[in-house]
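Working notes, structure below.
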Amino acid sequence: MKSIFKHKRISSIVSVVPKEEYRFDDEYPSFKLTPEKAKRFKKMMSLDRHRIAPPEVCSSDLCLYGLQQLLKDGTLKPEEIGALVFVSQTPDYFMPPTSNVIHGKLGLGHDVICLDINQGCAGFLLGLVQAFLLLEISALPKVVLLNGDTCSKQMDKCNRISYPLTGDAGSVTVIERCEAENPIYMDIKNDGSRYKAILVPAGAFRTPATPETIKLREVEEGVVQSEQHIHMDGAAIFNFTMNSVPPQVDETLAFSGDTRDSIDWFLFHQPNPFILTQMAEKMKIPAAKLPNNIVSLYGNCSSVTIPLNIALNCGEQLKDKSLRVCFSGFGVGLTWISMVMNLGPLPVCKIVDYEAT
Amino acid sequence: MDKAKFYEQLAKILDIGEVKPEHALRDFEAWDSLAALSILAMADSKYGVTIKAEEIRSVVTAEQLANLVESRMKK
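Structure (structure tokens):
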């Protein structure tokens, strides 16, 4: 489904990562991996390090910390917050919405919309779509999009495939109206028939938590998981990504009248370096325009990979100028969204380490 | 399809000197879901073919895999 949004822009982005950094070389002895297998895996996935939140730190804590930074440095005023949109798969509670919990901790006024959205890989872009729609409410000054995931808590730390690739992070993105037309082109697609490709089978209401659902099982050598952990069908996801994302990106570029040359950066979700390298080759996008370093440095942080990608790879450039960017987020759902826009200038676009307050 | 070349590419993925047509994929030390993923990637990038997860699971020998990729190319 294609659409254009106008007179909207992103005005600041802060990403927050846990201080706790772990290196694959230190961790792999705790996985059931021979040194040869570890070496192959490290090379295949360009593994280096990742950030993992301690048990007491939730997604919302990372988001709240980022938001407090923006309020403290005066980038955002509390009365400008018209909506808090929290996109996550790791909320604080089943009930109430985590956006309400954050609202309460900030002590905001009552004229605020609080909204939680369950989405992961495409969660930054789905959150942007929601933010653009909310800005149609004229009384609403700015939307604060909060993306947070601590997926490391949904897997066994000895799972030799999922765990080294995963990271925890939160981000805060401020979206507001602007005078300039600034058209934003997007295409959004869903295929719920393949929902099992990325699934936490138990722990909610379809299959409630029981002593049985937390039992660990070894599904292949070194891959241990319970029914309350994230189950991924790697081959199905690979095929989905290769077959669905490139044509969507091409369609979105055609829709916005862009080419591979007119786009400064292709800022994609970062599932793992292996898949992204394959994708860049298939799409004939130069590797220099499609950053692929987030998983090696932070891990796959679900919907926060794109905000991290923006800050790490173009944050400096964006400080005082605008860039033509193509975003793409794809995965759980299955959902895939691509977007072309002018991004920046973004005087505030950074990555900070979380400090307990 | 150049089968010899295919076995060479397979040997590279499985981190071994040589793969023979009659070799069972599961017998290789390096065989696991990540190797399977690398094979899907090779089929896609080198041969323009999509192999499904259940197809790769049902294949036993290197030759069967080569035949599967080849049969998909003809379509």
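Those sequence lines, one after another, are chains L and V.
Numbering (my numbering) for the first sequence: 1258 to 1614.
Numbering (my numbering) for the second sequence: 53 to 127.
Glycine included, each C-beta is placed from N, C-alpha and C at the ideal position.
These numbers were taken from a predicted model, which means no experiment stands behind them.
Check, Outcome
"Beta-carbon proximity list for E74/V, same chain, < 7 angstroms, skipping 5 on both sides", "T113 and E115"
"Residue-level contact to chain L via CB, I68/V, 9 angstroms cutoff", "no"
"Residue environment, D1406/L, which counts as buried when at least 16 other CB atoms sit within 10 Å", "buried"
"Residue burial classification, R1280/L (beta-carbon count within 10 angstroms, cutoff 16)", "exposed"
"Residue from T1430/L, P1398/L and N1375/L whose Cα sits closest to the Cα of L1603/L", "T1430/L"
"Cβ neighbour criterion (16 or more within 10 Å) applied to T1562/L", "buried"
"Alpha-carbon spacing of C1606/L relative to D1515/L, whole angstroms", "25 angstroms"
"Boundaries (first-last residue) of the alpha helix (DSSP H) holding C1571/L", "T1562 to L1575"
"For W1522/L, the residue or residues it bridges with in DSSP", "V1582/L"
"Residues that DSSP places opposite K1399/L in a beta bridge", "I1338/L and E1433/L"
"Near the ligand NAD: D1448/L beta-carbon under 8 angstroms from a heavy atom", "With respect to small molecules bound, the structure shown includes none, and the ligand NAD cannot be examined in it."
"Classification of V1476/L by the beta-carbon crowding that lies within 10 angstroms, buried from 16 upward", "exposed"
"Proximity test, Cβ basis, 9 angstroms: L77/V and chain L", "no"
"Straight-line Cα distance separating D1305/L from S1553/L", "5 angstroms"
"Where S123/V meets chain L, residues with beta-carbon distance less than 9 angstroms", "Within chain L, no residue comes near S123/V; the closest Cβ sits about 17 angstroms away, beyond 9 angstroms."
"Chain L contact for A105/V (CB, 9 angstroms cutoff)", "yes"
"Touch test, the region 1455-1467 of chain L against the region 57-77 of chain V, Cβ-Cβ under 8 angstroms, three pairs minimum", "no"
"Contacts of D1490/L in chain V (Cβ-Cβ under 9 angstroms)", "A105"
"Bridge-paired residues (DSSP) for W1593/L", "K1446/L and F1587/L"
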